[in-house]
Every structure is written in C-alpha cells, then in structure tokens.
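Here the protein sequences come in this chain order: X and H.
Each residue of the first sequence is one higher than the last, beginning at 0 in numbering that gives the first Met the number 0.
Each residue of the second sequence is one higher than the last, beginning at 0 in numbering that gives the first Met the number 0.
Each residue gets a CB set at the ideal place from its N, CA and C atoms; glycine is no exception.
What you are looking at is a predicted structure, and each value in this text was computed from that prediction instead of being measured.
Number of protein chains: 2
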Amino acid sequence: MEIQELIKKQAIETDSKIVLLVMDGLGGLPVGPQFKTELEMAKKPNMDKLAMEGALGLADPVARGITPGSGPGHLGLFGYDPIKFLIGRGVLEALGIDFPLKIGDVAIRLNLCTVDGQGLVTDRRAGRISTELNAKLCEKIKARVKISGAEYFLEPVREHRAALVFRAKGLGDKIADSDPQVVGKEPLLMVGEDEASRKTVRLVDEFLAQAKPILKEEKPANMILFRGFAAFQEYPQFNDIYKLKACAIAQYPMYRGLARLVGMEVLEVGAEMDDLFSVLKENWSKYNFFFVHIKKTDSAGEDGDWARKVEVIQAVDKQIPKAVKLKPEVLVITGDHSTPSRLKAHSWHPVPVLLWSKNIRPDLAREFGERSCSQGGLGRFKMKYLMGLAMANALKLEKFGA
Amino acid sequence: MEIQELIKKQAIETDSKIVLLVMDGLGGLPVGPQFKTELEMAKKPNMDKLAMEGALGLADPVARGITPGSGPGHLGLFGYDPIKFLIGRGVLEALGIDFPLKIGDVAIRLNLCTVDGQGLVTDRRAGRISTELNAKLCEKIKARVKISGAEYFLEPVREHRAALVFRAKGLGDKIADSDPQVVGKEPLLMVGEDEASRKTVRLVDEFLAQAKPILKEEKPANMILFRGFAAFQEYPQFNDIYKLKACAIAQYPMYRGLARLVGMEVLEVGAEMDDLFSVLKENWSKYNFFFVHIKKTDSAGEDGDWARKVEVIQAVDKQIPKAVKLKPEVLVITGDHSTPSRLKAHSWHPVPVLLWSKNIRPDLAREFGERSCSQGGLGRFKMKYLMGLAMANALKLEKFGA
C-alpha cells in the first residue's frame, strides 16, 4: 500500500496546526574558503534553535540521483508519489499563470517562433520577444480566432511563451510536440495516438489555420509551435486524504497552482517576505495546515548567486519567530529540491529537513545545515513520507492495527 | 516504476566519464586488539583523500540481511534489481568459464560423482578429483556422445565440476536437480514442469545414457549429477539503459561474463594489478564507463586471511593515483558484497561506498572505512541506486518533470 493511502486510513481530524515552510531550492553545495553551503553559512539563530529542539533529516524528492522539477518536488512535499502523479508540462505552464484549469482540459505550451518564406523555422523562440509584444499578439489572436465545438483560452506567459487550453468533452493528450527542436525544419505535423487525442489535434489544427494569417506579417514572431500537451486530471484531494483544512500562502503563480491542484485554498498575499507571515497570522484561526512558499532561495541559486541565497535564508530566519509565536503543533522547514548556486540549476542532492514539534524525538543536531541534516534523527527518507511525520507529530494519526 | 526504468528515461549521452572500481568482497568485520576491519586497518592515503573530498555511504546489494552471491552483487552494482533479474546457477557456471552463451541456451552445472554397484551415490563430488582428470573425462565424453536435434557443449570447470550447455529451439529450464543431496540414494529422475522443459530433459537423458557407459569403469568419477538448470535470457543492455559506452576490465572469467551479460565490452587484461590500470589508461578515450574488478580482496576474505586482505587493499590504493590522473568526472570505489575474513565467506553486511566527484555534496568523513561509511553523506541505500548517483554526479541525468 502506498504510504499516502495508509495515512488516509489512519488520519483523524483535530485542531492541531501544522506549518510547512518551504524555501524553494533550499539544498546547496559548499563553496569558498570556509567550504560551507548557503544554509550552513547563513546566520539563522532562530532556525538553529528549532534544530536543537527538533530533529533533522535529508529527503529525496523523487529518488536518489534524480533531479526533480518544481512539480514533482512539491507533490513529494504534499505526500504524493511524484512518479505516480506526474504533472504534464502544459498543465504546469497553465498553473504557472494561475489559470483555473478544470478536469478534462488539455493544456499546451505555446512558443511564438519565427519562420522564413518557405515555412522553415529560423528561431524557435522568435528572439525571445518581450512579454508585452507576446501579450499584444495573444490579444490579436483571441479577438479573431473562433473555434467551434470547444472553448479555448490563450494566455501570454513570459517572453515568447504562452499557454493554450482547450475545454471540451473527450479530449486526449497523446500528441507529440510540433516543435522540430532544430532550426531549418518545418514545424512537425501533430498526430494523435488515439481517438481522443485526434480530437484535440483537430482543434489545434483549426486554431493554427486561423492564427497563421494573423501572425504572418508580424516580426519576428510570425508562427506558433505547440509543446507539452497535457490533460488536467483529478488529483486525490489533500484535505480529503489528511482530514485537514489547508491553505497555501505563496507569491508565485506556479506554486499557487500546484497547491490549487491538490485542493488547498490559495490565499491572497503581497509581494514582500513580511506579507507571507502577516497572511499566516491573519488566517491562523481559519485553517490547520499552512503551506508557506518562499521562492527567492531558488531564484538566487539558479542565478548562481551564493551570497544572495545566504541573505534570503537570513531574511527568512528573521521571520521565524512570527510563526513560532502562533504556537503551531508542528513546524517543518525544508525545500522542494536542491538548487546549489554552484550548479545554477536544480540538482539531485537530498533536501535538508527540520521538523520541530514538542512530540519529536530530538537528535544531537546543534544547527540547521546539510551536513548536520545528514547526521539527523529523521535519517534519510523519500520526501513523500514527510507528511506522515508531520501528521504523526501533530497527533493526527491513529494507531495502525490493534 | 523501477529506478532503472526512471534513469533510462532521464539519461542523456555526454562525454563525462565514470570509473566503477570494485574490490570484490570489500566489506569486512573488525578483528584483533585494534578491532579494525580490513579496510579500516589498511594504509590507504589515496582512498582516504578521495573520502575527504567525496562522500561515503553503505549499500545493501540485495536487501538488509541478505547475503548475495557474485551474480546478484554485480547486478546491483550495474543498477539492476538483483531480485528481479536472477541469474540461474547453470548460467553463472558457464559465464564463469567465459563460455559465450546465446539467448535460449540451457546451461547446467554438472558434478562428476561416485556411485556404487547398486547405483547409489557414495560421493557427490567424487572425492573432489583434480581439474586435470575432470578435463580428461570431459574430452572422452565429448568425443563419443552425439546428440541429435541439439548442439551441446561440455566444459570442465574445477575439481569435480563442469558446465553443460544445450543449444536448440524451445528448451525450458523448469527442472529440479538430479543430485539427491545425500549419499546412499540414487540420482533423482529429472522431470520437466512444462513441454519446453521436458524437451530439455529428453536431451539430458540421452546425454546421460551415452555418457554412463563411458564413465562406468572410471575411478572415482563414474557418474554424473545435474544441477542448476538455467535458460540464458536476454538482459536489458547496460549501454541502452544508461546511454553509455561501457567496458569491463576484469581478470576473472565470472566477472567478465557478468559484464558481457549486460552488454559491456570486455577488454583483454594481464594477470597483475598493474595490468588493470594500464588497460584503463590505454582505453581511456574509447569508453565513458569503466568497470574495473579486483578479485583478490574476496579471495583473501574467503581464505580467512585478514592480513592478506589488508595488503590487497593497500596494493589497490597505490594504483588509485593512476585512475585519478585520468580525471574521471566520477570515481566510485566499492565492493559487490562483504567477505569478512572472520567469516571466511560472503556476508550480509552492507558494502562501503566511496563516491568522488566535483559535484558531490561532501560529508564529514576523513577516511574510507565501514564505520565512517555508516556516518557518510550518501546514507544507507540499496546498491541498485548507485548507478543513478554516479550518473547524476557525471551530469548524465535530465531533470524529472517540469
């Protein structure tokens, strides 16, 4: 039995509260003369105090050696097996702009691109046009393209990327990208692998036939490539599984989307670090599970900016007392994956986990860091087990068997 | 999804190089006044330096508590689930003499034995006759036994043991041994569980009917027992799964055979320790995965010779700079199982693993040994996950999910 199914059987409803504080891309690699990771270097007296009182561990979001995207990373945090519940790229793109997908929708990533007089692709990203131009082109297309037999939604994302969603009955997503991946070739014909997918292809072909003349005279974005076809499927709902009333406090659309995907209520929040914790406080009485998401650790890591990642962690640390003051039964501080600034990318390295609760069995750790986590009392585990640990420490799981 | 299938999906072809250095039976148990294992006792400054820069862990070849044979041990190292991909004993015997098995062949272990006038087994191993006498008897049999409808191959192995291979279409291997396991009984009748296996039994019965009169007057080996019927099946090929160009540098036939089984190219190599590393250097530009196998650690362990095992490890350590000088992206030093000299046998104890790469997250280890490995940053894992870790650190795995 999957751990999540087991937890579902044992879960009971209680008033105890869990805070899951996710610093995106938290895990790092050591650099510099002191050879410390970003987390090890950061001055974070509040987290270190929690580390002393709580317990540490290292978690693999998917499996040892596997580098997770944001989708699998968060599914793991929410207790879903990220291999079993894969999120298609088109769906993730739509989630990333807060698009309210419905079950059965097929979402597609759309690249505005450049083709020459012969229709051969000369730039797969149309020179990364501005998001403003992208938005104008999307408006033009939406004003004139009419598809019968289906609703469609077209939303600009960033630079040359947009999200296209078709809504109709019986649509499939077994369709390969039309992106030829190299320049000098025509866009590929789209072919559906089954009847439902062929129905989607007919809609996309119709969309393209109408959009093509609209874009023809545009420069440089005069054509469209379709990628990452993905039907939006129903996910087992977080609140049903865990008998929780969960909310998400996240500033970036993708993470709001991922939380919405599993049925969390997504709260409005301002753009500052302070705002996350104000919203947490304001909503304290209304929920008993709080997913708080901090993006800037990951952004700094992706930019290869070790010092900035250290600063973000220090800034988060200053907010910690606000969460502690609310007296959650369980406070978890972790990440969805590692983004070492040395690699400027997501990585496979396991993620530091701090679990603080008065019911935890404490370990010998004195501070929160990758190396102390590797010696921690929680040991090494797959991230999908974290929810069970949080639930157990919040006394929300019944005894298994007599 | 099995980890190997997942890795196959994420694997990309790159030029980066991985060296997997296997000291057979590496893991040990502490003895003597200093109470150190062979690995802990050995003076091995080169490995200890790699341990400081890299990360350590402990791996279970099959599962906790399970003592692996050489087949499962190596399958685990190569990333195959050794429970799913079991290698039959007959096949292992044939691999062990470098016999070029083809898919569909049925391989059988054959014991020359002694029977009395009534046909009752009096010695299941014919007093462990010399390998020379064994070879002579095999020659005699081969010269006179003719089987119609199938090719057969008979090769002496060691002492009383030989390998018998039948090659024909539609042969099965669901046949119990004819070895009665105790003296004073007749060899058991062989019965095939299905039609294909009955076809094999008819061939073996025919073989025995012709061989019996040839052996009748021999002393002490005047009869044959058949054991470990095993059809040679196709294995998923290593290079296909990992998108690697792999070679094996191994001096002992069984390990060459195991490497060939998964499709590695098996290189010619002399009998000395130096030869292994010369061949590594000579072939450096031709491959990007190098399986280097050292047998003598295991032999010393099996002989219960603690001091000799220490010496072998020290001798390997002197060679390490040759491998480091080639600048592999990933260098793994480990074993296929433990062979503590105190037990004079393979054991279930987990195997020390050292993974060195510039992309590794270092741990606190200062030296390579069982106890430092138990505190290492790689943690405790099933050996089948090692290939994913090596691939990840060589930047040969794409991100999973968006």
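Endpoints, alpha helix (DSSP H) assigned at residue i
i, result
"residue 213 of chain X", "194-214"
"residue 273 of chain H", "272-281"
"residue 330 of chain X", "Counting along the chain, residue 330 of chain X falls outside any alpha helix (DSSP H), though it belongs to the beta strand (DSSP E) covering 329-333."
"residue 320 of chain H", "305-324"
"residue 392 of chain X", "385-392"
"residue 85 of chain X", "Element bounds for residue 85 of chain X: n/a, residue is neither H nor E."
"residue 370 of chain X", "369-372"
"residue 239 of chain H", "237-241"
"residue 8 of chain H", "2-9"
Other residues of its chain near residue i: CB distance less than 6 angstroms, five sequence neighbours each side excluded
i, result
"residue 425 of chain H", "The structure shown has nothing for residue 425 of chain H, since chain H only spans 0 to 401."
"residue 13 of chain X", "395"
"residue 39 of chain X", "368"
"residue 90 of chain X", "106, 229, 231"
"residue 16 of chain X", "287, 327, 328"
"residue 159 of chain H", "110, 111, 124, 125, 127, 128"
"residue 61 of chain H", "67, 71, 81"
"residue 292 of chain H", "21, 249, 254"
"residue 176 of chain H", "226"
"residue 18 of chain H", "289, 322, 327, 330"
Neighbour list for residue i in chain H, Cβ cutoff strictly below 9 angstroms
i, result
"residue 283 of chain X", "Ordered by position in chain H, no residue passes the 9 angstroms Cβ test against residue 283 of chain X, which lies about 33 angstroms from the chain."
"residue 86 of chain X", "400, 401"
"residue 28 of chain X", "358, 359, 360, 361"
"residue 91 of chain X", "400, 401"
"residue 81 of chain X", "399, 400"
7 angstroms Cβ shell around residue i - same chain, five flanking residues per side excluded
i, result
"residue 318 of chain X", "272, 276"
"residue 195 of chain H", "169, 170, 171"
"residue 259 of chain H", "265"
"residue 149 of chain X", "165, 166, 167, 202"
"residue 255 of chain X", "97, 247, 249, 265"
"residue 93 of chain X", "100, 106, 162, 164"
"residue 270 of chain H", "250"
"residue 359 of chain H", "53, 54, 392"
Own chain partners of residue i with C-beta closer than 8 angstroms, once the 5 adjacent residues on each side are dropped
i, result
"residue 102 of chain H", "231, 232, 233"
"residue 357 of chain H", "328"
"residue 281 of chain H", "none"
"residue 44 of chain H", "316"
"residue 219 of chain H", "113, 122, 125, 126, 128"
"residue 198 of chain H", "167, 169, 170, 171, 191"
Residues sharing a beta bridge with residue i, DSSP
i, result
"residue 58 of chain X", "X/350, X/380"
"residue 264 of chain X", "X/246"
"residue 475 of chain X", "Only positions 0 to 401 of chain X appear in this structure, which leaves residue 475 of chain X out of reach."
"residue 164 of chain H", "H/106, H/152"
"residue 399 of chain H", "X/67"
"residue 174 of chain X", "X/191"
"residue 356 of chain X", "X/329"
"residue 337 of chain H", "H/25, H/346"
8 angstroms Cβ cut-off: residues of chain H touching residue i
i, result
"residue 62 of chain X", "2, 5, 384, 387"
"residue 374 of chain X", "363, 374"
Start-to-end residues for the beta strand (DSSP E) that takes in residue i
i, result
"residue 222 of chain X", "222-230"
"residue 190 of chain H", "Here residue 190 of chain H belongs to no beta strand (DSSP E), and DSSP marks it neither H nor E."
Contact list for residue i against chain X, beta-carbon separation under 7 angstroms
i, result
"residue 390 of chain H", "64"
"residue 380 of chain H", "63"
"residue 236 of chain H", "Those within 7 angstroms of residue 236 of chain H in chain X number zero; the least Cβ separation is about 20 angstroms."
Where residue i meets chain X, residues with beta-carbon distance less than 9 angstroms
i, result
"residue 53 of chain H", "Going along chain X, no residue has its Cβ under 9 angstroms from residue 53 of chain H, so there is no contact; the nearest lies around 13 angstroms."
"residue 75 of chain H", "Within 9 angstroms Cβ-Cβ: nothing; residue 75 of chain H doesn't reach chain X, min ~14 angstroms."
Closer than 7 angstroms at the beta carbon, the chain H residues around residue i
i, result
"residue 369 of chain X", "360"
"residue 377 of chain X", "By Cβ distance, chain H contributes nothing, its closest Cβ being about 11 angstroms from residue 377 of chain X, past 7 angstroms."
"residue 17 of chain X", "Within chain H, no residue comes near residue 17 of chain X; the closest Cβ sits about 25 angstroms away, beyond 7 angstroms."
"residue 442 of chain X", "A query on residue 442 of chain X cannot be resolved here, the shown segment of chain X reaching from 0 to 401 and no further."
Chain-ordered neighbours of residue i on chain X, where CB pairs are closer than 8 angstroms
i, result
"residue 411 of chain H", "Outside the shown range of chain H (0 to 401) lies residue 411 of chain H, about which nothing can therefore be said."
"residue 180 of chain H", "Residues of chain X passing the Cβ test: none, with the nearest at roughly 40 angstroms."
"residue 209 of chain H", "By Cβ distance, chain X contributes nothing, its closest Cβ being about 54 angstroms from residue 209 of chain H, past 8 angstroms."
Inset, instruction - Give, in chain order, every unbroken run of the beta strand (DSSP E) that is at least 3 residues long and sits entirely within the segment 102-156 of chain H. - result: 105-114, 120-122
Inset, instruction - Ignoring anything shorter than 4 residues or poking outside the segment 30-58 of chain X, list the alpha helix (DSSP H) runs there in chain order. - result: Runs of the alpha helix (DSSP H) inside the segment 30-58 of chain X: 37-40, 44-52.
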